[in-house]
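Below: the structure, in structure tokens.
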Amino acid sequence: MYSPTMRLLAVLELLETYGSVSGPELARRLEVDARTVRRYIVTLQDMGIPVVAERGPYGSYRLERGSRLPPLIFNDSEASAIILGLIVIRQMNFPIDAAAVEGAFAKTERLLPEKLFWYINDLKELIKIHNPSYFSTTHIAHSDFVLLLGQAIKNRKRTVLTYSSKDGKETVREADLYGLVLVGGQWYTAGYCHLRENLRTFRLDRLLSIAITEKDFDRPQSFDLLNYVLGSIEHVQKGFDVEIVLKTSIEQARRLFASEVQWLEPIDEGVLYRLSTSRLDWLAFGLMDRNIPFIIRKPPELYAVFQEIAEKAARIASTKE
């Protein structure tokens, strides 16, 4: 799925940045085996790139001394922004080839002055992104699919999708897709499915193949892609209908629940927070984390969840010596 050219460029950037890199280290960074690394090195040498192989127990690859590749030009703020963005991409299961990420890291770090280089290098190890286990997925969308869909959506071209349902059943569908959405580490697209003759949401990790046709389509002007996808997810995951009155202003609620504003409604008593969820425990911890007073209207099961949390907290507190 991933472009060999991107991997070759990543090898070059790593050698340019670190001077000397072992075969196992290159394989680890590019997520390939040692044999593939050797093939990349031979390809670079055949292209006239002066890559030297140092043999022995501590053998490694390096660019011939005196050879340089033309660098990109970024100021310190731009380079820092790129590095921080790459840290997020690396930790959040973005559908991007690991070789592309490592190549971008190496290329950007090479431009940094020494003081900023060490600062950014420390940040790479220190920053941890909270990506909850219930949001993470072992099935990651292919980067090629994201790019292909982006091209089709931008040019408003109909696509032909081979799609696998949750139970593994495969269907081939023609679809007019309106955009891409990232929710909780999972990529989705949505649009008009000609097989079902209605709007549908598709998970990108369940796509087996994509073809772009020459058929044009018009995107509905009033279509709210994000809310439609969130509604589709809510319908699938629906378990408990929840209504909570938040004792705060609508402005404050929108700041605290920035990704859930579609479920907020101003009322006389405060703000009505209404949603459906199958995991009341996640909801309870999320409400406590916002640290604002609230009243539970429904479901009664949510009271039991808070009671259980309180009992656990009390037991922990009682163990203090």
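Here the sequence shown is numbered in our numbering, starting from 374 and rising by one per residue.
Ideal Cβ positions, reconstructed from N, Cα and C, are used throughout, including at glycine.
Source: prediction; values computed, not measured.
Buried or exposed by the 16-neighbour rule on C-beta atoms within 10 Å, applied to residue i
i           : result
residue 380 : buried
residue 433 : buried
residue 455 : buried
residue 662 : exposed
residue 491 : exposed
residue 544 : exposed
residue 327 : The first residue shown for the chain is 374 and the last is 694, placing residue 327 beyond what the model contains.
residue 542 : exposed
residue 493 : buried
residue 574 : buried
residue 586 : exposed
residue 626 : buried
residue 386 : buried
residue 479 : buried
residue 641 : exposed
residue 605 : buried
DSSP-derived helix/strand/coil call for residue i
i           : result
residue 436 : strand
residue 671 : strand
residue 419 : helix
residue 583 : strand
residue 695 : Since the first and last residues shown for the chain are 374 and 694, residue 695 lies out of range.
residue 600 : helix
residue 650 : strand
residue 574 : strand
residue 552 : strand
residue 509 : Bear in mind that a pLDDT of 47 at residue 509, under 50, signals an unreliable position, so the model cannot answer this.
residue 594 : coil
residue 462 : helix
residue 390 : helix
residue 488 : helix
residue 680 : helix
residue 617 : strand
residue 541 : coil
residue 663 : helix
residue 523 : helix
residue 467 : coil
residue 627 : helix
residue 384 : helix
residue 476 : helix
residue 406 : coil
residue 483 : coil
residue 374 : With a pLDDT of 47 at residue 374, under the threshold of 50, the modelled position of that residue is not reliable, and the figure given next carries that caveat. Residue 374 falls in the coil class under three-state DSSP.
Cut-off 7 Å between Cβ atoms - residues of its own chain near residue i, not counting five sequence neighbours on either side
i           : result
residue 599 : 554
residue 416 : 381
residue 589 : 529 and 530
residue 413 : 380, 381 and 384
residue 523 : 553
residue 682 : 657
residue 678 : 653, 654 and 657
residue 497 : 460
Beta-bridge pairing of residue i - partner residues as DSSP gives them
i           : result
residue 546 : 534
residue 639 : 644
residue 565 : 549 and 572
residue 589 : 530
residue 559 : 556
Same chain only: Cβ atoms within 8 Å of residue i, ignoring 5 sequence neighbours per side
i           : result
residue 777 : What is shown of the chain runs 374 to 694, which leaves residue 777 out entirely.
residue 411 : 396
residue 572 : 563, 564, 565, 566 and 601
residue 474 : 459, 462 and 463
residue 519 : 468, 553, 560 and 577
residue 506 : Note on residue 506: pLDDT 44, under 50, position unreliable in the model; the coordinate value appears next. For residue 506, where only same-chain residues beyond five positions count, there are no Cβ hits under 8 Å.
Residues near residue i in its chain [Cβ-Cβ closer than 6 Å; skip 5 each side]
i           : result
residue 564 : 548, 549, 550 and 551
residue 511 : In this prediction, residue 511 has a pLDDT of 48, which is less than 50 and means its spatial position is unreliable; nothing more can be read from the coordinates.
residue 668 : 618
residue 687 : none
residue 476 : 382, 383 and 386
residue 568 : 546
residue 499 : none
residue 399 : 410
Is it true that the segment 636–655 meets the segment 615–624, where meeting means three or more beta-carbon pairs spaced less than 8 Å apart? yes
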